[in-house]
Amino acid sequence: MQELHRKRIKKALSLLKSAPTSQTLVISSNPAATRSRDTHFTYRQNSDLFYFTGSSHQSLTLVLRPHAKEQVVLVAPPEDPVKKVWEGSQPSTKTLARSLGASEVFSKDVHSAVRNLLRGTEVAFLQSISGTPSADLRKEFATRSPHSMRGLPASVVEAERLTSHLRCVKDPTEVQLIRKAADLTSAALLHAAQFIKPGMKERELAVMIEYLYRLHNAEPAFNTIVATGPSAATLHYHQLSRTLRKGELLLIDTGCELDMYACDVSRTIPVSSDTPAPLAAVYECVLRAQEAAIRAVKPGARMTEVHGVAARELTYGLKELGVLRGNPRELLKKGAYKPYFPHGIGHSLGIDVHDVGPGANDSLGVLEKGMVVTIEPGLYFSKSVGKIPACGVRIEDDVLVTPRGCEVLTAGVFPKRLDEINNIVE
Ligand SMILES: [Mn+2]
């Protein structure tokens, strides 16, 4: 792993060096997030800091400056003996510095230490996560008078502008980690699916899924959505308060974060095998759209084009379902599908569940070999339309862009064909 992190740092240094001006990148650990008063959420390392160091150290700052003698510097405060009593030791900065070939600076005033390392730099890539030395310097530079900035960076750029270049294309180690997260998500979904039956609570299912994540040292990459019947029409439904009913569809959107890499899948599952025909028809329509969209994923394609493929299938499907009337081409042009498919086709996936890289509405970002994106079309009816009751269907997989097309990393997670799903749930 050391080699991997050294390689990533080397790449960042050469990106920084490629500009005619002197550029420095500053990446800090995330601050501990307060839950209430003096209690905190479970600590989550900053994704960029993890990408470059693999460290879980909570007060570390990495400075990359290719123009200086010491190009890679780790800055950390000396260990706080009181904090050590309560929370234990932080991972050793010395050991990390040795493995990364970095110099280390220990200072009670990390902020000033990093400011000093920025002297002589024209452009600083700084973060915007408040409470970090990187972001605090950004604020400081924005408010200082030009006179007092002598020797300090004249311009500041969002660090993600640089790190996203590196992180959006996944290396084989990262793809392997996403596969591992997909395996655990799969095990959790298959386990929970055995218990699906009318009378069960949405919350019970969500807890069962997340129990398996936590049991295997993972955690939910985001709050698991379990939504039945009309509640599935709310995209980020979080109440989990409904009871599963016969003849309804159940939407599960979940994924674990294992070893800092996320999985994100959605499956829509009949609560009982006697799915009413209109619901089965909505399901089949979304499945066709998802399969068509996945076929469109390849190097050179844009997410907006992939979205267009799904939107076309959904528009024809909505016409067949009797929801839309008129010429399908005109309907597509007008975006008549939008009230029923109001979100993007997907997003990048990696250390962050909504990772850096081409977003759903990004018409400029072109898919490249090694990127991982989700493909997740859906149809949502907040009220019944004709014979279709209020419902929501979303089907989502994680897809790796390969040299000639793509590979579905979550293909084994849970079946998508209704007859196959019915065999598991029965
Ligand atoms: Mn997603």
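Going by numbering that gives the first Met the number 0, 352 is the number at position 353 of the sequence shown; the sequence numbering is gapless.
Positions of the beta carbon are idealized from the N, C-alpha and C atoms, including for glycine.
Computed from a predicted model, the values in this text were never measured in an experiment.
Residue j beta carbon less than 7 Å from that of residue i
i	j	result
Val109	Pro76	yes
Val174	Glu367	no
Lys245	Ser272	no
Leu59	Ser28	yes
Ile208	Val424	no
Asp397	Leu348	yes
Thr23	Leu176	no
Val285	Ile394	yes
Leu249	Ile224	no
Ala153	Cys262	no
Glu218	Glu159	no
His353	His346	yes
Leu239	Arg266	no
Ala220	Gly198	no
Thr227	Leu243	yes
Met302	Pro376	no
Pro277	Lys386	yes
His237	Leu211	no
Phe49	Met259	yes
Ser21	Thr120	yes
Anticipated Cβ contact below 8 Å, residue i with residue j, distance rounded
i	j	result
Arg166	Ile8	About 13 Å separates the two Cβ atoms, so there is no contact after all.
Leu12	Leu161	At roughly 11 Å, the Cβ-Cβ gap does not stay under 8 Å, so Leu12 and Leu161 are not in contact.
Leu125	Arg137	4 Å
Ala280	Ile374	The Cβ separation is near 21 Å, so there is no contact.
Val104	Val71	With 8 Å as the limit, Val104 and Val71 do not qualify as a contact, their Cβ atoms being about 12 Å apart.
Ala232	Phe380	6 Å
Val384	Ser185	The pair is not a contact, with the Cβ atoms about 33 Å apart (cut-off 8 Å).
Gln57	Ala31	6 Å
Leu188	Ile251	7 Å
Coarse secondary structure for residue i, derived from DSSP in three states
i	result
Tyr315	helix
Leu63	strand
Cys284	helix
Tyr379	strand
Phe105	strand
Gly356	coil
Asp418	helix
Glu406	strand
Arg393	strand
Arg97	helix
Ile268	strand
Arg213	helix
Thr373	strand
Pro90	coil
Pro275	coil
Leu330	helix
Ile387	strand
Glu218	strand
Leu320	coil
Leu3	helix
Leu399	strand
Val365	strand
Other residues of its chain near residue i: CB distance less than 8 Å, five sequence neighbours each side excluded
i	result
Val400	Val296, Lys297, Pro298, Leu366, Glu367, Lys368, Gly369, Met370, Val371 and Val372
Tyr336	Ala310, Leu313, Thr314, Leu317, Leu323 and Leu330
Ser133	Val25, Ile26, Ser27, Thr60, Val113, Leu125, Gln126 and Ala158
Tyr339	Leu313, Leu317, Val322, Leu378, Tyr379 and Phe380
Glu131	Sequence inspection shows Thr at residue 131; the Glu mentioned does not correspond to that position. Counting only Cβ-Cβ distances below 8 Å, and skipping sequence neighbours, we find Ser27, Ser28, Asn29, Pro30, Asn45 and Thr60.
Cβ shell of residue i (< 6 Å), same chain only, five flanking positions each side left out
i	result
Pro171	none
Lys16	Pro65
Glu247	Thr227, Gly228 and Val270
Arg241	Glu201, Thr227 and Ser230
Val155	Ala123, Leu125, Arg137 and Phe140
Same chain, Cβ closer than 7 Å to residue i, neighbours up to 5 away in sequence not counted
i	result
Ala101	Val71, Val72 and Leu73
Arg43	Asn29
Ser55	Gln44 and Pro90
Lys10	Leu165
* Scan the stretch 221–266 and note each continuous alpha helix (DSSP H) run of 4 residues or more that stays entirely inside, going in chain order. => none
* Enumerate, from N- to C-terminal direction, the unbroken alpha helix (DSSP H) stretches of 4 or more residues contained entirely within the stretch 5–79. => 46–52
* Which ranges would you report for the alpha helix (DSSP H) in the stretch 110–145 if only whole runs of at least 4 residues count? -> 132–142
* Asked: Along the chain, which unbroken stretches of the beta strand (DSSP E) at least 3 residues long are found entirely within the stretch 135–200?
  -> 154–157
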